[in-house]
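Residue numbers (this note's numbering), protein chains in the order written: chain B, 1 to 616; chain V, 617 to 804.
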């Protein structure tokens, strides 16, 4: 089925918009009826196993899977209303029980889904070695599909007459997700049976949630010329976007003008940092903490962090790791988190005061990376400075926002918000600009899901749409013609194939790039993206570029499959193909080799895959 | 979360009193919310799995003891409540007791907050003047002190009361043994 078919299906059938936030740590679902403007967007509570034999509906579905062993649970202990014996369990019990059986728990699968260095369709999770041949591992793709499948089944059970497959589903992705990660997310959603799908960037969803909560009153807070900086610090990732308020005829229009890099850094890192700092104190003279105790220490550090961040009067908060046995007072370990330590580790560590010219530290080259590519620099404000500097308009030292909207569980804390606002205001004041307006969001843990549903209503014609198109420009590598020199690779130039801001539903042809290929041949290109080269149009060729201007992505490839047009003498005619780029209604980038001379009326098309499977 | 957040100790009190009431009063446990809200008992079943789904694996009703056991099990799971009450606390220092109380409180709060919607019965501030009108609901308002004469009664509000305006009990699988409050754990 093509993306156009799905979109058509959505407008015909859908009665609801379902917004899904598929988060690194938690998923949330929001529902809004399309036909009734008076009914607000509602959060859908997701039934899930919370303990053996116990099912509870909760606002958040923890993004964890658990792979139970054969004899581990009594019959029916993991039974869901739609599945009597799940081979994979999602949700709260997967998270909590999995903390005691880490080898069977899949966590942070979203970070793996956007990690180009691993086989995302391969059974690699739970990550790490295992000597258990009976453990059936899963792929990052399957994990995402399973989580979405759980949501689909839960929704369908509650809405048997309006199954989710017939509803308009808006699924959010980090703004910084590359085309491959977006494709994989869409693929997971299709595998889970979500047919009428569009993707939405999470920071945009946060702004839609804010707009929805304000109604028409938002026009009092924002006006033409305002630039809203959305700072989204989730459990595992940090995402920045800049959205501009512009005049659109006699109306206000919103345009997303910049998106930051993918930064694998979030609230979980803060909790881990605190837990490791407190570990010695908690252990005392006793034994080394085991995996479960460490997990509990991280949770407890989070509780203490949140308590201290939300009340300025509190000077310290206890951190407790209860005994594993029934004697609660016997081996319960405790320590204290002081305000001083919290400030030093979380506020100064993750939100350091810095200049707008600060550059985040890079990982040293050549350092072998095993596991997830976590950000080398924990300083979120330094990443922010870098983002604003890279997106400066001509004549500006850095892009100057006039308003800020926070999103993500971590930023429910006023102390952190205050720190970020103070630093930004310092930069702005020094540059002679006004201080920031702070836009207050609500219920930040479900705001993205809520905003996704609100966006669905906007697409159905209710409300203002944020425009923006694709957030980066994309290039293919083309070898420059030169005589062969042994031991010397011919230089590669980058040709723009999809320009920044290219809008949904448009298709562009890269003129002049024609290849004669045979059926069965594969076409393979080096692939680059740029967050900063805004002005390049299709076909622009760069012979050289600055190191941080273009980022190389994994190679893209297609194999020409199809009928071989052979002549009577057995000679196979090459297929002349050109390169086309388009942004699908779904919101993904599509690059295709298209046959230039049609057979009959049909131009055959072959999709260039972003996520090329390694050949074994 | 409600805007009027009760203090730490009163929250422990709420958790404990709810727990004991449910545990020792089977009738109350079975119809907890129904009794408190004055709604007919079948209302309680509205969060139960609807019989419309084909793959129904869950029982339509549960004996009242089961609900009490479920609550106890949830309090243990989230806040080590059974461990806490089963332990002899004579000789345990206030500091250790306090640390454990935080743990129990965090968990109990999560469970009570998730299962029940709890609100004050009397909207005013405690300590403020209160007038009890004729025909008041004696199940919701209790007169204490010098109780004489006919309503309206004038006095001060000493406790604003609590009611559970909603109760959402988790489902239990047919095969589950509700008497297991916490399984024995064996580390391999």
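Note that beta-carbon positions come from the ideal geometry of N, C-alpha and C, so glycine has one too. All values reported here derive from a predicted model rather than from experimental measurement.
Simplified DSSP assignment, three categories, for residue i
i                      : result
residue 386 of chain B : helix
residue 784 of chain V : coil
residue 335 of chain B : strand
residue 115 of chain B : coil
residue 618 of chain B : In the structure as shown, chain B starts at 1 and stops at 616, and residue 618 of chain B therefore has no counterpart that could be examined.
residue 637 of chain B : Given a span of 1 to 616 for chain B in the structure shown, any question on residue 637 of chain B remains unanswerable.
residue 127 of chain B : coil
residue 470 of chain B : coil
residue 187 of chain B : helix
residue 76 of chain B  : coil
residue 241 of chain B : strand
residue 172 of chain B : strand
residue 212 of chain B : helix
residue 56 of chain B  : strand
DSSP beta-bridge partners of residue i
i                      : result
residue 606 of chain B : B:593
residue 575 of chain B : B:517
residue 771 of chain V : V:746
residue 694 of chain V : Residue 694 of chain V pairs with nothing; no bridge assigned.
residue 138 of chain B : B:125
residue 278 of chain B : DSSP, once it has assigned bridges, lists no residue as partnering residue 278 of chain B.
residue 500 of chain B : Per DSSP, none; premise fails for residue 500 of chain B.
residue 477 of chain B : B:494
residue 778 of chain V : V:736
residue 524 of chain B : B:557
residue 406 of chain B : B:231
residue 26 of chain B  : B:62
residue 437 of chain B : B:403
Classification of residue i by the beta-carbon crowding that lies within 10 angstroms, buried from 16 upward
i                      : result
residue 311 of chain B : exposed
residue 63 of chain B  : buried
residue 344 of chain B : exposed
residue 202 of chain B : buried
residue 762 of chain V : exposed
residue 488 of chain B : exposed
residue 639 of chain B : What the structure shows of chain B is the stretch from 1 to 616, and residue 639 of chain B is not part of that stretch, so it cannot be assessed.
residue 153 of chain B : buried
residue 546 of chain B : exposed
residue 135 of chain B : exposed
residue 506 of chain B : exposed
residue 775 of chain V : exposed
residue 48 of chain B  : buried
residue 804 of chain V : exposed
residue 596 of chain B : exposed
residue 236 of chain B : buried
residue 668 of chain V : For residue 668 of chain V, the predicted model reports a pLDDT of 40, less than 50, meaning its position is unreliable; a value from the coordinates is still stated below. By the neighbour-count rule (16 or more Cβ atoms within 10 Å), residue 668 of chain V is not buried but exposed.
Proximal residues to residue i (C-beta, below 6 Å), its chain only, five neighbours per side dropped
i                      : result
residue 410 of chain B : 233 and 267
residue 180 of chain B : 610 and 611
residue 226 of chain B : 245, 402 and 403
residue 515 of chain B : 577
residue 291 of chain B : 102
residue 491 of chain B : 480
residue 733 of chain V : 781 and 782
Neighbourhood of residue i by C-beta, 8 Å cutoff - its chain only, sequence neighbours within 5 removed
i                      : result
residue 351 of chain B : 379, 380, 381, 416, 419, 420 and 423
residue 182 of chain B : 173, 199, 587, 588 and 589
residue 550 of chain B : 475, 494, 528, 529, 530, 533 and 542
residue 315 of chain B : 338 and 339
residue 751 of chain V : 767
Own chain residues within Cβ distance below 7 Å of residue i, not counting five before or after
i                      : result
residue 224 of chain B : 245, 246, 247 and 252
residue 298 of chain B : 271, 272 and 275
residue 109 of chain B : 63, 125, 140, 143 and 144
residue 67 of chain B  : 88, 104, 135 and 136
residue 323 of chain B : 330, 331 and 332
- Task: Report the residues of the stretch 110-144 of chain B with a CB closer than 8 Å to any CB of chain V, ordered along the chain.
- Result: Per Cβ criterion, the list is empty.
- Query: the stretch 46-62 of chain B: which residues have C-beta closer than 8 Å to a C-beta of chain V, in chain order?
  - Reply: Within the stretch 46-62 of chain B, the residues whose Cβ lies closer than 8 Å to some Cβ of chain V are 47, 50, 51, 52, 53, 54, 55, 56, 57 and 58, listed in chain order.
- Note down, in chain order, all residues in the stretch 712-740 of chain V with a beta-carbon under 9 Å from any beta-carbon belonging to chain B. Answer in chain order: 712, 713, 714, 715, 716, 718, 719, 720, 722, 730 and 731.
- Compile a chain-ordered list of the residues in the stretch 299-314 of chain B whose CB is closer than 7 Å to at least one CB of chain V. Result list: 303.
- In the stretch 206-220 of chain B, which residues sit with their C-beta less than 7 Å from some C-beta in chain V, listed in chain order? Those residues of the stretch 206-220 of chain B that come within reach of chain V (Cβ to Cβ, closer than 7 Å) do not exist; the list is empty.
- Item | Residues from the stretch 265-279 of chain B in contact with chain V, defined by Cβ distance under 8 Å | Taking 8 Å as the cut-off between beta carbons, none of the residues of the stretch 265-279 of chain B comes near chain V.
- Query: Of all the residues that make up the stretch 778-800 of chain V, which are near chain B by a beta-carbon distance shorter than 9 Å?
  - Reply: For the stretch 778-800 of chain V, which is checked against every Cβ of chain B, the residues closer than 9 Å are 784, 785, 786, 787, 788, 789, 790, 791, 792, 793, 794, 796, 798 and 799.
- Message: Along the stretch 66-87 of chain B, where does the CB come closer than 9 Å to a CB of chain V? Name the residues.
- Response: Under the 9 Å Cβ criterion, the stretch 66-87 of chain B contributes 74, 75, 76, 77, 78, 79, 80, 81, 82, 83 and 84.
- Query: Name the residues in the stretch 699-712 of chain V whose C-beta lies less than 8 Å from a C-beta of chain B; which are they?
  - Reply: The residues in question are 699, 700, 702, 703, 705, 708 and 712.
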